[in-house]
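To start, the structure under review is shown below, and the notes come after it.
There are 2 protein chains.
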Amino acid sequence: MSDPLQHLDSLAQHSDIYKNARRMAIIDVGSNTWRLIVVEYVPNLSFRVVDEVSETVRLGEGMAESNVLRAAAMDRASKAMQVYAGFCRASGIDEIIAAGTSAVRDASNQVRFLARLEAETGIKVRVLSGEEEAYYGYLAAVNSTTLADGFVIDLGGGSMQITRVEDRQIREHISLPLGAVRMTERFLTSDPVKEGEVDALRGFLQGQFAQFKWFRHKRGMRLVGEGGNVRLAGRLIQKQAGYLLDTLHGYTFRASQLKDIRDQLVERSVEQRRRMSGMKAERADLSLAGAVVVHEAMRASGFEEIEICGQGIREGLFYERFLTEGETPIFDDVRRASVLNLAHLHRFQERHAVHIAHLTLSMFDQLPPGVHQCRANERDILWAASMLHDIGVTVDYHDHHKHSAYLILNAGLPGYTHREIALIALLARYHRKGEPRADEFAALLEADDDKRLLQLCALLRLAEQIDRSRDGVARDVLLTTGRDWAQLELLVRGDGQVALWSVLRHRDIFQQAFGLALEVTLTPSAT
Amino acid sequence: MSDPLQHLDSLAQHSDIYKNARRMAIIDVGSNTWRLIVVEYVPNLSFRVVDEVSETVRLGEGMAESNVLRAAAMDRASKAMQVYAGFCRASGIDEIIAAGTSAVRDASNQVRFLARLEAETGIKVRVLSGEEEAYYGYLAAVNSTTLADGFVIDLGGGSMQITRVEDRQIREHISLPLGAVRMTERFLTSDPVKEGEVDALRGFLQGQFAQFKWFRHKRGMRLVGEGGNVRLAGRLIQKQAGYLLDTLHGYTFRASQLKDIRDQLVERSVEQRRRMSGMKAERADLSLAGAVVVHEAMRASGFEEIEICGQGIREGLFYERFLTEGETPIFDDVRRASVLNLAHLHRFQERHAVHIAHLTLSMFDQLPPGVHQCRANERDILWAASMLHDIGVTVDYHDHHKHSAYLILNAGLPGYTHREIALIALLARYHRKGEPRADEFAALLEADDDKRLLQLCALLRLAEQIDRSRDGVARDVLLTTGRDWAQLELLVRGDGQVALWSVLRHRDIFQQAFGLALEVTLTPSAT
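What follows is the structure, encoded as structure tokens:
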């Protein structure tokens with residue numbers, strides 16, 4: 001074989017099709033893990049993380065004792081930043097944001113350290129105040145969950161941010177030096193830990209949280225957790241519960257489950273913890289402090305449940321650049337934004353998808369409540385599936401319904417629950433053919449979801465047939481129902497014979513889903 | 001919820017990122033199935049089928065009797081073409097090619113029929129001569145398989161094309177009126193068929209094929225089959241053999257397997273055939289004629305095996321538009337073109353992929369043959385995996401190694417065998433972490449492929465670490481081996497500490513794969 005690069009050169013000149021997107025590198029200069037992410041985005045339209053480089057730097061090592069960055073920690077930091085700098089130079093990055101949190105913020109030798117990093121790598125670190133750190137964590141949560149009222153907690157290696165959110169706005173925030181590296185170094189120095197050590201940590205935390213009276217659960221409030229410590233606790237709980245997915249974002253666990261994990265960690269040496277299913281080897285030593293801090297925070301505030309947010313300050317910093325059109329960098333509607341983002345990333349056929357959504361929702365809204373088992377929530381699922389049903393063609397046209405389901409499940413849809421994501425994926429899976437089966441995701445679903453799936457699927461499949469020629473010949477539909485029948489009137493502009501004929505071939509699924517015999521007619525559209 | 005379209009409008013204006021590609025609709029106006037495909041492409045760079053609308057028109061119905069298109073057939077054709085016309089108007093198509101084959105070509109009322117279609121739909125059908133039909137089928141085969149010497153047979157509803165290929169060039173071709181619709185109507189009119197009917201068809205075919213002395217197997221020749229009849233036979237054989245994949249392109253079956261299927265079809269009524277696993281309901285009646293014609297063609301020519309090509313004249317017509325740079329619209333290297341196409345479709349990071357390919361092949365070439373179990377074939381697999389290992393980030397960064405494998409397996413790589421595709425997918429799957437396991441694809445693999453997988457995986461993982469900072473700091477590598485040791489010298493430009501440290505953390509897999517203790521050193525690069 002000849003030089004593998006040869007053929008490529010003649011092709012490379014055409015690759016300006018990729019060039020409209022911007023690439024931004026965000027480096028989280030944390031107290032434990034440093035992480036670089038590269039986000040490719042078109043402002044206000046779509047974005048995706050295209051690269052990530054993670055390093056366990058443990059910059060905050062020893063800072064429980066004194067607020068000085070240690071020489072060894074700074075050397076590790078220097079090495080990591082060299083990787084990132086080379087990486088950014090080579091990867092066509094338009095902008096680099098490096099943000100330092102607790103360890104850098106609190107270090108008495110901060111100035112010299114940052115000057116050294118900049119001299120060695122050319123990268124200037126922006127030191128976030130506790131307030132800014134809380135704000136960017138809040139931006140991540142409010143743009144990737146449906147949190148409206150409640151709290152965001154973000155537990156890092158050095159500090160913990162607590163933010164109160166009301167009507168999606170940030171109201172209160174505090175940054176406390178309760179990070180997992182710090183708490184481990186200060187309280188949990190034995191391996192395995194001694195019972196008294198954990199008690200001392202818990203007592204200390206109770207005293208800390210008691211000071212913030214506003215950090216209390218009230219009716220209608222939710223708790224969202226960010227950071228590697230919360231994610232690790234969630235992962236351990238998922239593994240022990242035999243959870244169906246390994247998606248952490250959107251996963252909710254209870255305080256009692258966390259307590260159980262904490263108790264298991266207490267009993268184990270660091271080496272033993274490493275062998276626990278779901279454990280991250282490089283976090284085994286910090287995992288106990290992480291679990292204790294989150295658990296005490298839940299106890300102090302009175303929350304029974306916490307929902308994992310897989311995003312954090314990196315994404316918060318990104319949203320500030322990405323959402324430039326409104327007054328604040330917040331999506332109007334997170335669920336809608338998630339669906340449109342995924343649709344755009346896979347270059348969906350917008351006109352077709354939008355018309356299918358119009359037709360499915362029109363039918364949904366005209367069905368009397370007694371005829372179906374669906375609620376407003378399922379209406380939203382139907383909309384999402386209508387928009388996304390064809391995205392799988394980016395994998396391959398053949399079996400694209402299966403690929404759409406794969407893409408939806410694996411990319412996720414921030415703001416939708418795992419149950420909802422599973423239903424959207426199943427609707428895409430069965431939008432062309434086959435008997436809709438929900439068994440695979442039964443563990444995530446509610447009672448009657450199999451019936452709902454069939455009903456939503458029937459509407460989606462009919463809509464596909466109504467718009468078979470993709471030219472919107474049927475502008476809208478009128479759906480009337482009686483005791484055992486339904487009549488679907490296609491309001492057509494031009495010749496609707498193809499639409500009529502196509503729908504008739506698929507009316508069985510409607511009859512099966514709703515128990516109504518379906519008649520279909522054509523009426524000239526007034527518009 | 002408000003109007004679902006509202007938010008979209010403000011976003012739609014940005015979607016010119018999709019606009020550089022062209023969209024071409026190709027309509028195969030066949031004797032049995034009509035099929036429209038939409039291909040999105042950037043000339044000479046990349047392409048994918050993004051839509052397909054298939055209709056069983058049976059235009060050639062009754063033409064075994066007289067060469068006249070029947071009224072009912074023309075009405076079905078008119079309806080199908082209206083769907084296609086509306087579809088093209090609505091889908092932003094830059095160019096439409098509608099190509100008519102045997103039924104149109106042979107019809108005495110061709111002119112009136114085509115005039116009617118054009119008047120009703122605006123679509124002008126180009127009638128392909130038998131020679132042209134054979135040529136476009138050849139173009140499809142030679143651009144999606146590695147066929148160099150042998151034959152392409154393409155069995156449609158009306159006619160069968162046989163093309164002799166020598167050194168990738170077309171040498172002989174013939175179009176015979178032996179299509180599955182014609183043969184069914186002329187010979188297999190009973191249901192279930194009578195033994196004498198099949199015998200009569202076989203006798204007739206033997207007389208036909210005997211006339212073409214150049215259609216004979218010789219050493220080194222291969223037989224490639226196109227068309228719905230060949231695909232259906234392959235699908236039935238796959239199902240009965242419990243084949244691991246449901247990919248038809250590149251699947252090879254034996255004449256004896258086809259004979260077995262033929263005998264099963266003979267025994268069954270059309271209704272019984274419909275219940276066979278893998279059967280296409282709308283082809284159940286034609287399936288026997290299809291199997292008989294292909295089997296007799298294999299017997300007459302002396303080929304023991306036939307390889308399915310999933311492409312056909314539609315793709316041939318497309319390649320003529322797509323490949324405009326050379327003298328003939330033929331890829332220089334089909335395998336390379338497949339890999340680069342898939343890479344570009346998923347917007348791979350070209351510089352990184354190319355450098356990884358350079359490093360892996362450099363190590364591969366420096367390893368003495370005795371040290372590994374790989375051949376030239378596996379070198380090519382390593383190149384492909386190096387180019388494609390990261391494409392899964394278009395699904396999601398998280399678990400992108402798994403997504404790369406999914407994309408490779410499901411999109412396929414024309415020109416690679418199923419075994420090779422499985423190995424490339426497995427290499428992508430394990431390029432970051434995990435113990436490479438081939439079990440899942442064992443049925444496709446050869447003896448020792450598990451060892452080869454581990455060896456290739458070791459090289460890919462080392463290369464990833466060598467170029468961890470993605471800036472090509474290690475220009476190249478020197479690999480020397482002894483009895484029980486290997487030395488890897490990184491030829492670096494600048495500071496190679498990060499590369500050295502990263503490689504050392506992953507040397508275990510090299511030692512495991514080759515049984516050689518690995519030392520790694522840095523040497524300043526001369527270039």
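Chain order of the listed sequences is H and U.
Going by the numbering used here, the first sequence opens with residue 1, and the numbers climb by one from there.
Going by the numbering used here, the second sequence opens with residue 1, and the numbers climb by one from there.
Even for Gly, the Cβ is constructed at its ideal location relative to N, Cα and C.
Quick one, which residues of the segment 466-488 of chain U are near chain H if we go by CB-CB under 8 Å, in chain order? 468, 469, 470, 471, 472, 473
Here's the rule: buried if 16 or more other CB atoms are within 10 angstroms of the residue's CB, otherwise exposed. What is residue 395/H? buried
Closer than 7 Å at the beta carbon, the chain U residues around residue 102/H: Ordered by position in chain U, no residue passes the 7 Å Cβ test against residue 102/H, which lies about 26 Å from the chain.
Starting from residue 481/H, follow its DSSP beta bridges and name the residues at the other end. 486/H
Can you pull the chain U neighbours of residue 396/H, defined as C-beta to C-beta under 9 Å? 48, 49, 407, 410, 411, 412
Taking residue 34/U as part of the beta strand (DSSP E), name the residues at either end of that continuous run. 33-42
Is the CB of residue 230/U under 7 Å away from at least one CB in chain H? no
What does the alpha-carbon distance come out to for the pair residue 421/U and residue 242/U? 19 Å
Are the CB atoms of residue 221/H and residue 255/H nearer to each other than 7 Å? no
Pairwise C-alpha distance: residue 121/H and residue 495/U: 12 Å
To the nearest angstrom, how far is it from the Cα of residue 127/U to the Cα of residue 106/U? 10 Å
If I measure Cβ to Cβ from residue 252/H and keep anything under 6 Å in the same chain, skipping five residues before and after, which residues do I get? 305, 307
Measure the Cβ-Cβ separation of residue 72/H and residue 59/H and say whether it is below 7 Å. no
Delimiting residues of the beta strand (DSSP E) encompassing residue 54/H: 46-56
Give the secondary structure of residue 23/H by DSSP, where H, G and I count as helix, E and B as strand, and everything else as coil. strand
Report back the beta-carbon spacing between residue 405/U and residue 244/U to the nearest angstrom; my notes put them in contact at under 8 Å. That pair is no contact at about 14 Å.
Buried or exposed (CB count within 10 angstroms, at least 16 for buried), residue 332/U: exposed
Contacts of residue 90/U in chain H (Cβ-Cβ under 8 Å): 351, 352, 469, 470, 471, 472
Using 7 Å as the limit for Cβ to Cβ distance, is residue 52/H near chain U? yes
Cβ closer than 8 Å: which chain H residues qualify as neighbours of residue 86/U? 469, 470, 471, 473, 498
Helix, strand or coil: how does DSSP classify residue 350/H here? helix
Would you say residue 359/U and residue 292/U are within 7 Å of each other, going by their C-beta atoms? no
What residue does the beta strand (DSSP E) around residue 472/U start on, and which one ends it? Careful: residue 472/U lies outside any beta strand (DSSP E) and carries neither H nor E.
Helix, strand or coil at residue 435/U [DSSP, three-state]: coil
Can you tell me where the alpha helix (DSSP H) with residue 184/H in it begins and where it stops? 180-187
Quick one: residues in its chain with C-beta nearer than 8 Å to the C-beta of residue 326/U, no 5 flanking neighbours on either side, listed in chain order? 332
Hey, could you find the ends of the beta strand (DSSP E) residue 166/H is sitting in? 160-166
Could one say the Cβ of residue 181/H lies closer than 7 Å to chain U's Cβ atoms, at least one of them? no
For residue 283/U, count neighbouring C-beta atoms within 10 Å of its own C-beta (all shown protein chains included) and say buried if the count is 16 or more, exposed if not. buried
Closer than 7 Å, CB to CB, is residue 224/U near chain H or not? no
Integer-rounded CB distance, given that residue 313/H should sit under 8 Å from residue 137/H: 5 Å
Can you give, in chain order, each stretch of the beta strand (DSSP E) that sits fully within the segment 50-118 of chain U and has at least 3 residues? 95-100
Please list the terminal residues of the continuous alpha helix (DSSP H) segment that includes residue 260/H. 255-267
In whole angstroms, what separates the C-alpha of residue 450/U from that of residue 418/U? 16 Å
Just how far apart, CA to CA, sit residue 3/H and residue 66/U? No answer about residue 3/H holds up, because its pLDDT of 35 lies below 50 and its placement is not dependable.
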